[in-house]
């Protein structure tokens with residue numbers, strides 16, 4: 001009985017510790033979307049510091065946050081919503097205190113991220129297909145099908161990059177720790 005309980009506990013701990021988005025991006029807080037079509041790259045590649053990025057969806061009270069390792073990038077798949085982005089840089093992230101223990105810096109991006117509209121827009125189209133809509137018997141007693149051609153299905157998705165270091169293309173505003181949403 002103790003062996004099963006120990007194995008169960010180990011599995012649960014591994015699920016909490018193993019990154020959910022690859023080696024460089026780990027969920028810290030909230031419910032991170034998993035089925036979005038828009039790709040957002042979080043670029044911490046020029047930082048010696050760790051980063052925690054908070055996405056606060058406009059008109060939704062609960063944000064979500066992810067951790068990005070130093071000198072790494074990570075990719076999120078987000079639905080087409082608008083997000084205010086906050087991030088903090090530092091060393092030694094504390095989940096209990098929801099802050100870095102050493103040298104914390106806090107920022108907010110000056111622009112709202114529209115995940116489906118910002119960055120590079122990709123448009124996809126499928127080829128038209130014929131759909132069988134019915135059958136009939138012609139004058140020669142042969143069964144024929146009625147078909148209707150569908151138009152091409154169209155959808156689009158965006159690919160954007162958020163750089164988490166000074167002198168990046170994203171205008172970041174330094175904020176006080178009390179303004180940080182975690």
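In the working numbering, the protein residues as written are 1 to 182. Glycine included, every Cβ here is placed at the ideal spot set by N, Cα and C. Model, not experiment: these values are computed from the prediction.
Cβ-based neighbour list, residue i, same chain, cut-off 7 Å, excluding 5 preceding and 5 following
i           : result
residue 73  : 24, 41, 42, 43, 44, 45
residue 131 : 147, 148, 150
residue 182 : 29, 54, 65, 98
residue 138 : 144
residue 39  : 75, 77, 159
Closest by C-alpha distance to residue i, when choosing among the options
i           : options            : result
residue 90  : 33, 167, 100       : 100
residue 159 : 30, 2, 113, 59     : 113
residue 82  : 182, 61, 96, 134   : 61
residue 64  : 130, 31, 92        : 31
residue 127 : 174, 154, 173      : 154
residue 134 : 140, 142, 147, 124 : 147
residue 157 : 141, 57, 70, 77    : 77
residue 118 : 92, 161, 35        : 161
Three-state secondary structure assigned by DSSP to residue i
i           : result
residue 168 : coil
residue 31  : coil
residue 139 : coil
residue 48  : coil
residue 185 : A query on residue 185 cannot be resolved here, the shown segment of the chain reaching from 1 to 182 and no further.
residue 59  : coil
residue 64  : strand
residue 23  : Note that residue 23 has pLDDT 45, beneath the 50 cutoff, so the model's placement of it is unreliable and the number below is only indicative. It is coil, neither helix nor strand.
Where the beta strand (DSSP E) containing residue i begins and where it ends
i           : result
residue 93  : 82-94
residue 106 : 99-109
residue 150 : No beta strand (DSSP E) contains residue 150, which DSSP labels as neither H nor E.
residue 176 : No beta strand (DSSP E) holds residue 176; DSSP gives it neither H nor E.
residue 42  : 38-43
Presumed contact (8 Å Cβ cut-off) between residue i and residue j, rounded CB distance
i          : j           : result
residue 37 : residue 86  : About 24 Å separates the two Cβ atoms, so there is no contact after all.
residue 75 : residue 51  : Not confirmed; about 14 Å, so no contact.
residue 88 : residue 165 : In fact, because the Cβ distance is near 13 Å, the residues do not count as touching under 8 Å.
residue 80 : residue 115 : 6 Å
residue 70 : residue 47  : 6 Å
Close beta carbons around residue i, own chain, < 8 Å, minus the five adjacent residues each side
i           : result
residue 177 : 99, 104, 106
residue 129 : 149, 150
Contacts around residue i, its chain only, beta-carbon distance under 6 Å, and the 5 residues preceding and following it disregarded
i           : result
residue 110 : 171, 173
residue 57  : 81, 83
residue 120 : 159
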